[in-house]
Amino acid sequence: MKRLFLAALCTSLWTGIALADGAISIDDPQVRLVPPSTENTAVFMRIRNRGDKDVNLLRAESPAAKTAELHTVIEEGGMKKMRPVANIPIKAKGETALKPGDYHVMLIGLTKPLQEGDEVALTLKFDDGSSQSVVAPVRRIHVTMH
Amino acid sequence: MQTTFRGNPLHRLKLVLATCLSAAVIFPAIAHEGTHSLAARSGVARGGDFTLESSSGRVALKQFRGKVVVLYFGYTSCPDACPTTLAALGAAMKGFTPAEADQVQPLFITLDPARDDAKHMEEYSRFFYPSMLGLRGTDSQVAAVAKHYGVLFARQKVDSAANYVIDHSSLLYVVGADGKLASSVPYGAPPLEIAAALRAALPRPAK
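In order, the protein sequence lines correspond to chains A and B. First residue of the first sequence? That's 654 in my numbering, and the numbers climb one at a time after it. First residue of the second sequence? That's 7 in my numbering, and the numbers climb one at a time after it.
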C-alpha cells in the first residue's frame, strides 16, 4: 500500500513537472462520437512544441480501446486512404493538428460504447522521452471547413 | 472556392484543369475542389438504378422517384472520411425545412459488405440522420453500383489492428427526382454547400 502511494506520488510529481517544464502541450483533445455499435473512433487535438527541437509523437495508449494507433489520411488517385504512420512530427516552435482528414489517433476495438460527454483518458509518448496524459471528451465532431 | 452548377465556359475550363491537377498532385487531406456538375468531369459516372438490401428488406432506387436521393459510398469502420462526410450531410439535412427534408432521401451504401451487416448499417446510418438508409449487397452487387456512379475503391491490407481498410473516393452523389444523376459534391464540402447541391436538384424549390 505504501509502495502504491509512493508510486502514485512519484507519478503525480512527474506529471506536474512535465506540465510545468515540458516543451510539448496538448490543446483541445476530443474523441469523435460514433454510432453505438461502431468499434473504432478517432481522437483529435492540437500538439504544440515550444521547444527548440523537433519532436515526434511515437505512441498513444488508452484504456478505452484494445489498441490506439497513429494514423493519417492521404488522398491519392482520387481516393481517401487511411494509413498507419510510425510517428507524428511536431516541429520545433511549431504545432501539429490532429484533425479530420489528417493525422489522428485511432482507437481500435473500443472496450465499451462511448456516449456523448464521456471522457477518454489518453497517454501520448514522444521521442524526447516525455509523455502527456490527457482526458478527451467525446463529442460530435462537426467539420466546418472554409 | 465558390462554384455554381451553371458555370460559364471559362469556369468549366478551370474545373477541368482543377480535376486534371487533382489527379496528378496529392491533395492536402482536406482539399476542397468545389461542387461541380458532372458534365465538367470525365463522364465516368453515369448513375442508374439499383436494388440493394436494407435491414428491413430490399430497397430500389426507383422507389424514390419524385424525391432527390443523395448517395454516399463508404464503410462503417471507416476511420475518417465517412463519418466526416456523413456528419456534414446530416447537418445539411437538419438545416432543411421539414418540407424540403421530406423530398430528400439519403442513402449510405457499404463498400465493405463482409464486415457491415444490414443491422449495423441501419444503426450507423440513422446516427447521422434519422431517415438515412444503410444499404448493402454482395461484393459484386456493390461493385456494380459503385462502378455506375464512378466510385473508386480498393480493399487495402494495412499494418494495423483494423486489419484492412477500404481506400475509396469520397463524393456525395445527387440523384434527381427523375432518377438521373444530377451532380456530385466533393469531399470536404461544408453542410451549406451540400444543402445547395440538394436544393438545386429539388423538383419544386421550397420557398
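Beta carbons: idealized from backbone N, C-alpha and C, even for Gly.
Counting along the chain, residue 114 of chain B sits inside the beta strand (DSSP E) bounded by residues 110-116.
The contact set of residue 794 of chain A on chain B, defined by CB atoms closer than 7 Å, consists of 93 in chain order. Contact between residue 173 of chain B and residue 734 of chain A holds: CB atoms are separated by about 4 Å, below the 8 Å threshold. Taking C-beta atoms as the reference points, residue 171 of chain B and residue 89 of chain B fail to come closer than 9 Å. Membership of residue 159 of chain B in the beta strand (DSSP E) is indicated by the continuous run 159-163. DSSP, read as helix, strand or coil, puts residue 102 of chain B in coil. The beta-bridge partner set that DSSP reports for residue 734 of chain A consists of A:727. Taking a beta-carbon distance threshold of 9 Å, residue 193 of chain B counts as an interface residue toward chain A. For residue 781 of chain A, the closest C-alpha among the options A:709, A:698 and A:697 is that of A:709.
The shortest C-alpha to C-alpha distance from residue 168 of chain B to any of A:758, A:768 and A:793 is the one to A:758. The Cβ neighbour count for residue 120 of chain B, taken over all protein chains shown within 10 Å, is under 16; the residue is labelled exposed.
Apart from the 5 residues on each side of it in sequence, residue 200 of chain B sits with its Cβ closer than 7 Å to the Cβ of 94, 95, 98, 178 and 191 in its chain, given in chain order. Under the Cβ criterion of 9 Å, residue 154 of chain B is not counted among the residues facing chain A. Using a 10 angstroms sphere on the CB of residue 716 of chain A, the tally of other CB atoms stays under 16, which defines it as exposed. Among the CB atoms of chain B, none fall inside 9 Å of the CB of residue 748 of chain A. As a beta-bridge residue in DSSP terms, residue 173 of chain B pairs with B:160. Beta-bridge annotation (DSSP): residue 792 of chain A is paired with A:685.
A direct Cα-to-Cα measurement between residue 723 of chain A and residue 738 of chain A gives close to 6 Å.
Taking every protein chain shown into account, the CB of residue 687 of chain A has 16 or more other CB atoms within 10 angstroms, so this residue is buried. Burial check for residue 693 of chain A: the Cβ neighbour count within 10 Å reaches 16 or more, so the residue is buried. Per the DSSP secondary-structure output, residue 96 of chain B pairs with nothing in a beta bridge. Look at the beta carbons and you see the segment 137-150 of chain B touching the segment 58-69 of chain B: at least three pairs across the two are nearer than 8 Å.
Within the model, the alpha-carbon separation for residue 126 of chain B versus residue 100 of chain B is close to 22 Å. Setting aside the 5 residues that flank it on each side, residue 198 of chain B is surrounded in the same chain by 98 and 101, each with a C-beta closer than 8 Å to its C-beta; the list follows chain order. In the structure shown, residue 55 of chain B falls within a coil segment according to DSSP collapsed to helix, strand and coil.
Chain-ordered, the chain A residues with CB closer than 7 Å to the CB of residue 129 of chain B read 688, 689 and 690.
Taking 9 Å as the cut-off, the Cβ atoms of residue 159 of chain B and residue 134 of chain B do not count as close. Contact residues of the segment 157-180 of chain B toward chain A are 158, 159, 160, 162, 164, 165, 166, 167, 168, 171, 173, 174, 175 and 176 (C-beta to C-beta distance below 8 Å). 9 Å or more divides the Cβ of residue 728 of chain A from the Cβ of residue 81 of chain B. The alpha-carbon of residue 106 of chain B is positioned some 46 Å away from that of residue 786 of chain A. Residue-level contact check: residue 685 of chain A touches chain B, since one or more beta carbons of chain B fall below 9 Å from its beta carbon. For residue 692 of chain A, the secondary structure class from DSSP, reduced to helix, strand or coil, is coil.
If you draw a 10 Å sphere on the C-beta of residue 176 of chain B, you find 16 or more other C-beta atoms in it, and that means buried. Residue 698 of chain A is bridged by DSSP to A:751.
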